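Since the structure comes first, as structure tokens, the remarks are kept for the end.
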Amino acid sequence: MSVAATSPEALPRGACPTLPAPMATGDGLLARLAPAEALTPAQAAGLAALARDCGNGILEVTARGKLQVRGLDPAGAGRLAEGVGALRIAVREGLGIETSALAGRDPAEVFDPRLLAAALAEAAAAAGLAARLAPKVSIGIDGGGGLGLAGRDLDIAVSPAGAEFRIEAAGMTLGRTPAPVPAVLALLERLAAFGPRARMRDLVAAEGEGALGAGLQPADPREAVPGEPVGRHMLASGWALGVGLPFGQIEAETLEALADTAAQRGATFIEPAGGRALLIGALDDGGADGLADWATAAGLIVDAGDPLRRVEACPGAPACGAARFATRGLARELARDLAGLAKGRSVHVSGCVKGCAHPGRAGLTIVGLDEGAGIVIEGTARDMPARIVRFDELASAVRGFLESSRG
């Protein structure tokens, strides 16, 4: 099987690595895949084995719930793609359509978002929309369950509005309709006509909410449901346990052991979840407790209040060639500090100005620059730093800032 390796510079702006077209990074090629269905424990263990045999044994779950395998060479990338097929892991392609990681299993859902997502994907494919839109354009279908899509950078969102469907664009409520697929397709066609790199926020700024919502009935804004996957989630029968991965990363041996332990405790699915986590179920009370204890001992996160959940960090140097410093050692130090300082503040440690781990604003952002480390307050990695310090002074400088922000 032929696999194309692509350098970051060669990718169109905003493009992402895929399974057939992995991207070059500092530790080799990186391949990304979005499973179309939850993995079985056996598939998760098999994917872990592929990551070890074809790459450097490091897997990641992204903020949007996609899987990444790191440290591949061209031959390994080819073997990975073949191995994913042999494991019968179906991979989503085309337009980015997101649903809750518990879609179809959440008893609080008003409707099953998977059905609407499938209908929209089919219609978008027939219209050839994916090739005419920016690569990162995304649609969220929120069935109204307990694990929502709040906090996602969605171009279009669909959610329950009584017996109808609410349509949002770039976080703005446009209205409601009984026929969401034609409404979403019409918005996507307008977005495609606006330009191949445009996002919905650009279209909203240019045309306004009123023009984009023409033909829709008025709707109240939805109440955002937190999208925190870590912890226990009630299913129609039993529980799903959300296990967070520190900085979204897990070693192959740990994932294999996690999958085996989950299967021994009765789990039948392992679902990558937005927010860099894995949802595992269905488990009874004893199985959930036992798996949580095992995961904690393995260095994984089962408490949503763990300070590591408030720190985002990219792989940093040397894994990424663009990074100016090693990010994750500092991130772990800051997580320890956050346990007692500046409660509630979010921190983003970025090796460069691209801000891959957290494109949005954070309470405190540390960014690698040519001239040193920038410290950005309430901003992004691309914003003007309030201060630039030498890398060897960074830890103490940030700790001093957190001390001054105590409480």
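Under the working numbering, think of the first position of the sequence shown as 990, with each following residue one higher. Backbone N, C-alpha and C fix where the C-beta goes; we use that ideal spot for every residue, glycine too. The structure presented is a predicted model; accordingly, all values stated were derived computationally and were not measured.
N-terminal and C-terminal residue of the beta strand (DSSP E) that residue i is part of
{"i": "Gly1220", "result": "1220 to 1223"}
{"i": "Glu1082", "result": "Glu1082 -> no beta strand (DSSP E), and no H or E assigned at all."}
{"i": "Gly1233", "result": "1228 to 1233"}
{"i": "Arg1021", "result": "1017 to 1022"}
{"i": "Ala1150", "result": "1145 to 1150"}
{"i": "Ala1013", "result": "1012 to 1014"}
{"i": "Ile1290", "result": "From DSSP, Ile1290 is part of no beta strand (DSSP E); its letter is neither H nor E."}
{"i": "Val1099", "result": "Unbroken run through Val1099: none, as it is neither H nor E."}
{"i": "Val1050", "result": "1047 to 1050"}
Which of helix, strand or coil DSSP assigns to residue i
{"i": "Ala1331", "result": "Note that Ala1331 has pLDDT 49, beneath the 50 cutoff, so the model's placement of it is unreliable and no number is given."}
{"i": "Gly1035", "result": "helix"}
{"i": "Ala1375", "result": "coil"}
{"i": "Pro1124", "result": "coil"}
{"i": "Thr1162", "result": "strand"}
{"i": "Glu1367", "result": "strand"}
{"i": "Ala1200", "result": "helix"}
{"i": "Val1356", "result": "strand"}
{"i": "Gly1318", "result": "helix"}
{"i": "Leu1056", "result": "strand"}
{"i": "Pro997", "result": "Residue placement at Pro997 cannot be trusted, given a pLDDT of 45 that sits under 50; what the coordinates show is reported in the next sentence. Looking at Pro997 - three-state DSSP - the assignment turns out to be helix."}
{"i": "Arg1299", "result": "helix"}
{"i": "Gly1129", "result": "strand"}
{"i": "Gly1270", "result": "strand"}
{"i": "Leu1138", "result": "coil"}
{"i": "Leu1192", "result": "helix"}
{"i": "Gly1344", "result": "coil"}
{"i": "Arg1350", "result": "coil"}
{"i": "Arg1155", "result": "strand"}
{"i": "Leu976", "result": "Residue 976 lies beyond the stretch modelled for the chain, which goes from 990 to 1396, so this question has no answer here."}
{"i": "Leu1118", "result": "coil"}
{"i": "Gly1237", "result": "helix"}
Continuous alpha helix (DSSP H) stretch holding residue i: start and end
{"i": "Val1173", "result": "1169 to 1183"}
{"i": "Leu1247", "result": "1241 to 1253"}
{"i": "Phe1258", "result": "Counting along the chain, Phe1258 falls outside any alpha helix (DSSP H), though it belongs to the beta strand (DSSP E) covering 1258 to 1262."}
{"i": "Ser1339", "result": "Note, Ser1339: premise wrong, no alpha helix (DSSP H); beta strand (DSSP E) at 1336 to 1339."}
{"i": "Ser1393", "result": "1383 to 1393"}
{"i": "Arg1068", "result": "1063 to 1075"}
{"i": "Thr1285", "result": "1274 to 1286"}
{"i": "Ala1108", "result": "1102 to 1115"}
Proximity of residue i and residue j at Cβ, strictly below 9 angstroms
{"i": "Leu1163", "j": "Leu1201", "result": "yes"}
{"i": "Pro1304", "j": "Phe1380", "result": "no"}
{"i": "Ala1284", "j": "Val1232", "result": "yes"}
{"i": "Ile1086", "j": "Ser1148", "result": "no"}
{"i": "Leu1180", "j": "Asp1144", "result": "yes"}
{"i": "Ala1116", "j": "Ile1259", "result": "no"}
{"i": "Leu1383", "j": "Ala1370", "result": "no"}
{"i": "Pro1185", "j": "Leu1122", "result": "yes"}
{"i": "Pro1169", "j": "Phe1154", "result": "yes"}
{"i": "Leu1289", "j": "Arg1334", "result": "no"}
{"i": "Pro1215", "j": "Gly1137", "result": "yes"}
{"i": "Leu1327", "j": "Ala1302", "result": "no"}
{"i": "Ala1293", "j": "Glu1217", "result": "yes"}
{"i": "Gln1238", "j": "Ile1366", "result": "no"}
Given residue i as reference, the closest of the options once Cα atoms are compared
{"i": "Asp1191", "options": "Pro1149, Ala1079, Ala1266, Gly1160", "result": "Gly1160"}
{"i": "Val1387", "options": "Gly1140, Cys1345, Ala1324", "result": "Ala1324"}
{"i": "Thr1311", "options": "Leu1353, Leu1358, Gly1129, Arg1334", "result": "In the sequence as presented, Thr is not what sits at residue 1311; that position holds Ala. Nearest option by C-alpha distance: Leu1358."}
{"i": "Pro1296", "options": "Arg1321, Thr1316, Leu1280, Arg1313", "result": "Arg1321"}
{"i": "Gly1151", "options": "Pro1167, Leu1136, Glu1157, Gly1137", "result": "Pro1167"}
{"i": "Arg1254", "options": "Ile1364, Gly1279, Leu1069, Gly1044", "result": "Gly1279"}
{"i": "Arg1021", "options": "Pro1030, Arg1188, Ala1052", "result": "Ala1052"}
{"i": "Gly1054", "options": "Val1073, Glu1071, Val1219", "result": "Val1219"}
{"i": "Val1338", "options": "Glu1360, Leu1327, Ile1364, Asp1326", "result": "Ile1364"}
{"i": "Glu1049", "options": "Gly1349, Thr1243, Gly1352", "result": "Thr1243"}
{"i": "Pro1307", "options": "Cys1341, Arg1188, Asp1142", "result": "Cys1341"}
{"i": "Gly1134", "options": "Ala1175, Thr1354, Arg1103", "result": "Arg1103"}
{"i": "Ala1040", "options": "Leu1028, Thr1029, Gln1057", "result": "Gln1057"}
{"i": "Gly1264", "options": "Cys1005, Arg1141, Ser1393, Met1223", "result": "Arg1141"}
{"i": "Pro1124", "options": "Cys1005, Leu1174, Gly1352", "result": "Cys1005"}
{"i": "Arg1313", "options": "Thr1257, Ala1281, Thr1029, Val1378", "result": "Val1378"}
{"i": "Pro1011", "options": "Gly1044, Leu1036, Pro1348", "result": "Gly1044"}
Any non-hydrogen atom of the ligand MN closer than 8 angstroms to residue i Cβ
{"i": "Thr1354", "result": "Judged by which ligands are present, the structure shown has none, so any question about the ligand MN falls away."}
Would you call the segment 1261 to 1275 and the segment 1071 to 1082 touching, i.e. three or more CB-CB distances under 8 angstroms?
-> No: fewer than three Cβ pairs fall under 8 angstroms.
Count the C-beta pairs between the segment 1053 to 1067 and the segment 1096 to 1104 that are closer than 8 angstroms, then say yes if the count reaches three, no if not.
-> no
Segment contact flag, the segment 1247 to 1254 with the segment 1194 to 1212, C-beta cutoff 8 angstroms, min 3 pairs | no
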